[in-house]
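Heads up: the sequence shown at position 157 corresponds to 171 in this note's numbering, and the numbers run straight through without jumps.
What follows is a set of notes on a single structure, which appears directly below.
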Amino acid sequence: MEALLRERMAQDSAADLRGPEGSLDSIEGNAATETRWDAPFALDHVEAIPEERRALACDDDDTAEILKLELPVTPLVLIVDDDNLVLARLRELVIAAGFRVRTAANGIEALDALQHSSASIVVTDLSMPAMDGLDLCRRIREQTWPGYIYIVLLTVRDEEKDILAGLEAGADDYVSKRTPAAQFTARLRIAKRILALEYSLQIALERKRKLAMIDSLTGMYNRRYFLRRFSREMKHSQRFEGDVSVLMLDVDRFKRINDTYGHGVGDMVLRTLARQIAKCLQRATDWCARLGGEEFAIVLPGTKIADAHICAEKIRRAIENTSIDTPVGAVRITVSIGVSGLRSAAGRNPATVHSLLEQADSNLYASKAAGRNRVTSPKSTQASTA
Ligand code: GH3
Ligand code: MG
Ligand code: MG
């Protein structure tokens, strides 16, 4: 097989993939040499995209623009071939075409290189010892990667049945080693275009995912996110017999703010309130959400009800003491809070999300009924006030 390739290479002096005679002299080692992991297509790397693109990804009416995003980094091409001469020639070609390169001598080395690098294009030979190109394609497709891996099979075996087997195994393209170099690099540019489109779709999806969990007025998590995460939080606490407390907070007589100063000022007050609540949360694990209207929920994982009560009091007092600047002057508000929680002792408190929220809500109602601007906890017979 390799002998055949060399023979063909010797016959042809045109600038095809085998290169002009003599160009294969500088042989490079086969060992996978690159160790960088920059996974440019992973969803978690959205924050790493350049500022101007991040702005695009957050704007509301920009789907068409997002779909034209370019890749944030030059793609890394992993060339897999058991022939050092071919590797060296391809390395030259691929670098000259403007890509970064890494090499591997067979499928096993290639899979290892993929685990430790961000290669997004794989150019692989078909016949190799240890693991051949078809197996490599299948193994790549079986696994989940941070982004799509575009595979080009590059071989002297270019009969119809070989091409079909390659595409069936998961290759995106099939190029004969007899193909002129210019056509090969043009195909790499196609790979880059497809990867850019996939990257753009990832960004668009990430944007939609964020919009679906965020309340647009306050920037806090919304009710939908609250229910999903709180349910997870509760299951975790029940499994590990830990505490989790929840505070239900409602602005007192908020309708009056709207009626007196207008809806715009009401919105401003809600935004300031959201910031104020967030500021009062000390632990990194504490979080809050706007459930709707002027009602918020605060979740305190690993916090006993007595401590949650103290936290609620702190929030209540902070809000009572805040003067909110608005175009119509300073506005003051108070809030009422209901507390509930899952106790750590196993079996003592078989609560569900629904029952915890109901209890927090009924304690909130108790705070309202007792005169507002106060906190009510399950065990406390008396609501606490300023
Ligand atoms: P209570 O102390 O019993 O909670 O009285 P309240 O006036 O706060 O309660 P009520 O439920 O009667 O009124 C809530 C008001 O909140 C009515 C509604 O217009 C207002 N509201 C709900 N969502 C928004 C919003 O996004 N922006 C503004 N400005 N007002 C909102
Ligand atoms: Mg209210
Ligand atoms: Mg309300």
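By construction, the Cβ of each residue, glycine as well, lies at the ideal position given by its N, Cα and C atoms.
Quantities reported herein were computed from a predicted structural model and do not represent experimental measurements.
Other residues of its chain near residue i: CB distance less than 6 Å, five sequence neighbours each side excluded
i      : result
Ile154 : Ile163
Thr390 : Gly352, Asn377, Ala380, Ser381 and Ala397
Lys328 : Cys294
Leu263 : Phe310, Val349 and Ile351
Leu181 : none
Thr299 : Pro315
Asn468 : Residue coverage of the chain in this structure runs from 15 to 400, which leaves residue 468 outside it and unanswerable.
Ile338 : Val283, Thr286 and Val345
Gly147 : Thr138, Asp139, Leu140 and Leu167
Ala292 : none
Glu212 : Tyr162
Cβ-based neighbour list, residue i, same chain, cut-off 8 Å, excluding 5 preceding and 5 following
i      : result
Asp266 : Ile347, Thr348, Val349, Ser350, Lys382, Arg386 and Asn387
Thr340 : Tyr275, Val279, Met282 and Val283
Tyr235 : Met227, Ile228, Asp229, Arg243, Trp301, Cys302, Ala303 and Arg304
Pro392 : Ile319, Val353, Ser354, Gly355, Gln373 and Asn377
Arg105 : Glu42, Ile93, Val115 and Thr117
Lys82  : Ser214
Trp159 : Leu128
Leu241 : Val367
Sub-9 Å separation of residue i and residue j beta-carbons
i      : j      : result
Ala124 : Val108 : no
Leu178 : Thr232 : no
Gly161 : Ser141 : no
Ile204 : Asp176 : no
Gly121 : Ala144 : yes
Ala127 : Ala118 : yes
Gln431 : Thr336 : Residue 431 is absent from the structure shown; the chain starts at 15 and stops at 400.
Ala326 : Leu261 : yes
Gln252 : Leu356 : yes
Arg201 : Val166 : yes
Leu287 : Ile333 : yes
Phe198 : Leu168 : yes
7 Å CB neighbourhood of residue i in its chain, flanking five on each side removed
i      : result
Glu247 : Val258, Val313 and Pro315
Ala365 : Leu356
Tyr402 : Within the shown structure, residues of the chain are numbered from 15 to 400, placing residue 402 beyond reach of any answer.
Glu308 : Asp264, Val265, Phe268 and Leu284
Val342 : Tyr275 and Val279
Asp172 : Ser190
Ala322 : Ser259, Leu261, Leu314, Val353 and Gly355
DSSP bridge partner residues for residue i (one or two, in chain order)
i      : result
Phe310 : Leu263 and Arg304
Asp339 : Ala344
Val367 : BP columns for Val367 are empty, so no partner.
Ile228 : Tyr235
Arg114 : Leu90
Pro315 : Val258
Local conformation of residue i per DSSP, three classes
i      : result
Ala475 : What is shown of the chain runs 15 to 400, which leaves residue 475 out entirely.
Ile165 : strand
Gly278 : helix
Gly355 : strand
Leu92  : strand
Thr390 : strand
Asp176 : helix
Asp257 : coil
Ser190 : strand
Ala119 : coil
Thr138 : strand
Val349 : strand
Thr286 : helix
Val108 : helix
Gln157 : coil
Ala332 : helix
Asp375 : helix
Leu219 : helix
Ser245 : helix
Thr199 : helix
Ser131 : coil
CB-CB length for residue i against residue j, believed under 8 Å
i      : j      : result
Val94  : Asp139 : 6 Å
Val367 : Phe254 : 17 Å between Cβ atoms; not a contact.
Leu209 : Leu85  : 6 Å
Gly306 : Arg237 : 6 Å
Ala183 : Arg152 : 5 Å
Min CB distance residue i to chain D below 9 Å
i      : result
Arg116 : This model lacks chain D altogether; it includes just one protein chain.
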